[in-house]
Amino acid sequence: MEFEVSPPDLGLELAVRALNNNIVGIRLGQGADHWRCKLTGDDMYTISSLRQIIDKHPVNILGTSIIQWSKVVPIKVLSFIWRVVQGRIPAVVALETRGIQVNSLLCSSCIGQPESANHVLIDCPFACMISNNIMRWCVVKLGQISIKNTGDLLHSVATWGSCPKKTKMLAFICYRMLWNLWRFRNKRLFQMESISSLYSLCVMCQKIDSHYLSTSASLTSTTSFITSKIVQGLSYLLEVEGCLNL
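Next comes the structure, spelled out in structure tokens:
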């Protein structure tokens, strides 16, 4: 083989020697190149053959049992919640762990703790204020359960109450809440927007309420159970925000 730069000059002499040893015995066959699938005896790939392999080797994906999958919730929100449960959202601490250089590890909201995913969505005073008021307006008490991370929150919501419809609706509102908390974080970080917690709560309640009203053909007692409380809180906060802006 010929190189523009001598491999020993780059410290690659051993690597090139190993490469030569690996390819010296290779003989190319006749005909065009093609793919071969080892899942089947005839070298042809089929979806059913892959499904059979997956069924024989089941994989337990963390936290999927506590996620309520539904067409009512936008797929981008459900995908975000799935990534949260898997610990795969790009919070600053996660980026730093992967070797990506960041300017600061501190939360862009409270500037008091390292910005992990659980801090942004659960522990940060900004997130606590939002979640506490959302739950209070929904007339929801999650008991004395210690919520230390998003998994604890989603599990508490998924096991709350005795009415499956109300439990599912509360879960959907919780998903929207977490999604908007992440959106507000990104606006602070990338668009340099200073967002107050009261304003964020107003916007979030309005988005949640308008979404579920638009996705329901008729407003049942189940949906009005939560949306009526959100409307009450929204009206109050709009008055407070108006006074603060004077």
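With the first letter of the sequence shown counted as 1, position 231 gets the number 231 in the working numbering; the numbers rise by one all the way through. We put the CB at the ideal spot given by N, CA and C, even for glycine. Just so it is clear, the structure is predicted and the values come from calculations on it, not from any experiment.
{"Check": "Once the 5 residues before and after L189 are set aside, which same chain residues still bring their CB inside 8 Å of it?", "Outcome": "S108"}
{"Check": "Quick check on the DSSP output: what are the complete beta strand (DSSP E) runs of length 3 or more inside the segment 52 to 106, in order along the chain?", "Outcome": "none"}
{"Check": "Is the segment 176 to 193 in contact with the segment 122 to 133, if contact means three or more CB pairs nearer than 8 Å?", "Outcome": "yes"}
{"Check": "What is the rounded straight-line gap between the Cα of L219 and the Cα of P114?", "Outcome": "At L219 the pLDDT is 40, less than 50, meaning the model places this residue with poor confidence; the figure from the coordinates comes in the next sentence. The straight-line gap from Cα to Cα measures roughly 42 Å."}
{"Check": "Please determine if the segment 77 to 92 and the segment 164 to 180 are in contact, where contact requires at least 3 C-beta pairs separated by less than 8 Å.", "Outcome": "yes"}
{"Check": "Alpha carbon to alpha carbon, how far is P164 from I173? Give it in angstroms, no decimals.", "Outcome": "14 Å"}
{"Check": "So the alpha helix (DSSP H) H248 belongs to, where does it begin and stop?", "Outcome": "Given a span of 1 to 246 for the chain in the structure shown, any question on residue 248 remains unanswerable."}
{"Check": "Might you give, ordered along the chain, the residues of its own chain that have their beta carbon closer than 7 Å to the beta carbon of A171, omitting 5 neighbours on each side?", "Outcome": "Q68, V157 and A158"}
{"Check": "Just grab the DSSP bridge partners of P114 for me.", "Outcome": "L106"}
{"Check": "Classify I26 as helix, strand or coil using the three-state DSSP reduction.", "Outcome": "coil"}
{"Check": "By how many angstroms is the C-alpha of N20 removed from the C-alpha of L14?", "Outcome": "10 Å"}
{"Check": "Would you kindly work out how many angstroms separate the C-alpha atoms of V120 and S194, rounded to a whole number?", "Outcome": "16 Å"}
{"Check": "In chain order, what residues of the same chain have a beta carbon less than 8 Å from the beta carbon of L50, not counting five sequence neighbours either side?", "Outcome": "L39"}
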